[in-house]
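> Residue numbers (UniProt numbering): 1 to 328. The beta carbon of each residue, even a glycine, is placed where N, CA and C say it ideally should be. Sharing a structure below in structure tokens format, with a few things to ask.
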Amino acid sequence: MRLGPSSLVGLALALPAAAQEISLRLPVTCEIGRTCFIQHYVDRDPSPAASDYQCGTLTYDTHDGTDIRVPTMAAQKAGIDVVAAADGKVASTREGVADVAVTPQTREAISRIGCGNAVVIDHGNGWRTAYCHMAKGSVTVRSGQEVKAGDRIGRIGLSGLTEFPHLHFTLIKDGKPVDPFAYGAPEKSCGGGTSLWEASLQRALAYQGGSVLNKGFAPGPVTMEAIESGAADQDTPTTRSPALVAYVRAIGLKGGDVQTLTLFDPDGKPLAQNKAPPLDRDKAQWMAFSGVKQPPGGFRPGLYRAVYRVERDGKPAIEQAFGISLRP
């Protein structure tokens, strides 16, 4: 998400300096790596290039927060709460912005309210947090209200300058956005600094250089639109389906990555394999699929498995295995 000049984050500035640290809980009620994923980190490179806190590519130029993404629009519509990351007082809110993905035609107009439906919380001692892109009608707090860590303040949405449902979470210290994963680390450093997340979150929030956002099986061709909407999850293959297709949508891939998706029959023998050529450049997201048409007499009942692998610089980077039991 790129914040416009009148972003609500601008309301979180100009607080007195203080040295006291802050401890943050996860600002969403989802499970990182399973029901939600980190799409982008803070850009730590002051140049026109971009680099996350591990010198990776999971960010873009001037990105000032952490984007926590849900896997489909269906998951967003089902409702995922946004909660206060720490105790504090609500400094400001915005409501009434529609949940609509930005397009090239609407980008300029939407940039004036880039943060969308949002809340800013003042935690004292120079610390503030901002929560952007929440669902229209979901903000539950008002300016001046005291909140405790974990209190619900809204739901993940698609409002403002965004192309996918997520929470853009910005941590601000003395008027400047800071990186909660590497607080105090020098610019352009790889690692270092202090994590400001609660100790219980350290393992779940360990850096991942790419993740599998969606995976599953379909009875025919799969489109990115069907995956994004959640429709691809609804059509379960059977032994009589016209085809059996394994699909994956991955995020955070890098140029040069080699992806392989292999489909196995109930005996563990390969039925189909899709080995893509090395990626020509970094990809925010990428879809891969591998499948076969129905054989004469239909598919044999049993457990079919798929394995997705990403090789990066000659080493394994991502691996996911998943399966489906085919029944008549």
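If you measure between the beta carbons of P295 and T239, is that distance less than 8 Å?
Here residue 295 corresponds to residue number 295 of the sequence shown, with the count starting at 1. Here residue 239 corresponds to residue number 239 of the sequence shown, with the count starting at 1. No.
> Using the beta-carbon count (16 or more within 10 Å), is S159 buried or exposed?
As a working mapping, residue 159 is identified with position 159 in the sequence shown. Answer is buried; the Cβ neighbour count reaches 16.
> Can you tell me where the alpha helix (DSSP H) with S229 in it begins and where it stops?
The count along the sequence shown starts at 1 and reaches residue 229 at position 229. First-last of the alpha helix (DSSP H) with S229: M224 to S229.
> Is it the case that the Cβ atoms of L171 and P180 are separated by a distance below 8 Å?
In the sequence shown, the residue the question calls residue 171 occupies position 171. In the sequence shown, the residue the question calls residue 180 occupies position 180. A contact, by the Cβ cut-off of 8 Å.
> Whole angstroms is fine: what's the gap from I318's alpha carbon to T262's?
Within the sequence shown, the letter at position 318 stands for residue 318. Within the sequence shown, the letter at position 262 stands for residue 262. Each residue's Cα considered, the two are about 14 Å apart.
> With a CB to CB cut of under 6 Å and the five nearest residues on each side skipped, what residues in its chain are close to A226?
Here residue 226 refers to the residue found at position 226 of the sequence shown. Around A226: A232.
> Which residues mark the beginning and the end of the beta strand (DSSP E) in which R249 is found?
By 1-based counting over the sequence shown, the position of residue 249 is 249. R249 -> beta strand (DSSP E) spans A243 to L253.
> With 16 as the cutoff for other CB atoms within 10 Å, does D267 come out buried or exposed?
Taking the sequence shown and counting its residues from 1, one reaches residue 267 at position 267. Label assigned to D267: exposed.
> Among the residues of its own chain, which have a CB less than 7 Å from the CB of D235, if the five just before and after it don't count?
Within the sequence shown, numbered from 1, the residue matching residue 235 stands at position 235. Excluding positions up to five away in sequence, the list reads A218 and P219.
> Label Q273 either buried or exposed according to how many other C-beta atoms from any shown protein chain fall within 10 Å of its C-beta, with 16 as the threshold for buried.
Your numbering for residue 273 matches position 273 in the sequence shown. Q273 is exposed by the Cβ-count criterion.
> What's the C-alpha gap between V245 and R34?
Numbered from 1 along the sequence shown, position 245 holds the residue referred to as residue 245. Numbered from 1 along the sequence shown, position 34 holds the residue referred to as residue 34. So the two alpha carbons sit approximately 22 Å from each other.
> Thinking C-alpha only, which one of Q259, G230, K254 and T129 is nearest P71?
Here residue 71 refers to the residue found at position 71 of the sequence shown. Checked all of Q259, G230, K254 and T129; the closest Cα to P71 is G230.
> For D64, which of A75, G56, M73 and D52 has the nearest alpha-carbon?
Indexing the sequence shown from 1 puts residue 64 at position 64. It is D52 whose Cα lies nearest to the Cα of D64.
> Using the three-state DSSP reduction, which class does L213 fall into: helix, strand or coil?
Position 213 of the sequence shown, counted from the first residue, corresponds to residue 213. Strand at L213.
> Between G144 and R152, what straight-line distance do the alpha-carbon atoms span, to the nearest angstrom?
Taking the sequence shown and counting its residues from 1, one reaches residue 144 at position 144. Taking the sequence shown and counting its residues from 1, one reaches residue 152 at position 152. Whole-angstrom Cα-Cα distance: 15 Å.
> So, L26 versus L213, is the Cβ gap smaller than 8 Å?
Counting from one through the sequence shown, the residue named residue 26 turns up at place 26. Counting from one through the sequence shown, the residue named residue 213 turns up at place 213. Going by C-beta atoms, L26 is not nearer than 8 Å to L213.
> Pull up the distance between the alpha-carbon of T129 and that of G150, whole angstroms please.
Here residue 129 corresponds to residue number 129 of the sequence shown, with the count starting at 1. Here residue 150 corresponds to residue number 150 of the sequence shown, with the count starting at 1. Cα-Cα distance, rounded: 13 Å.
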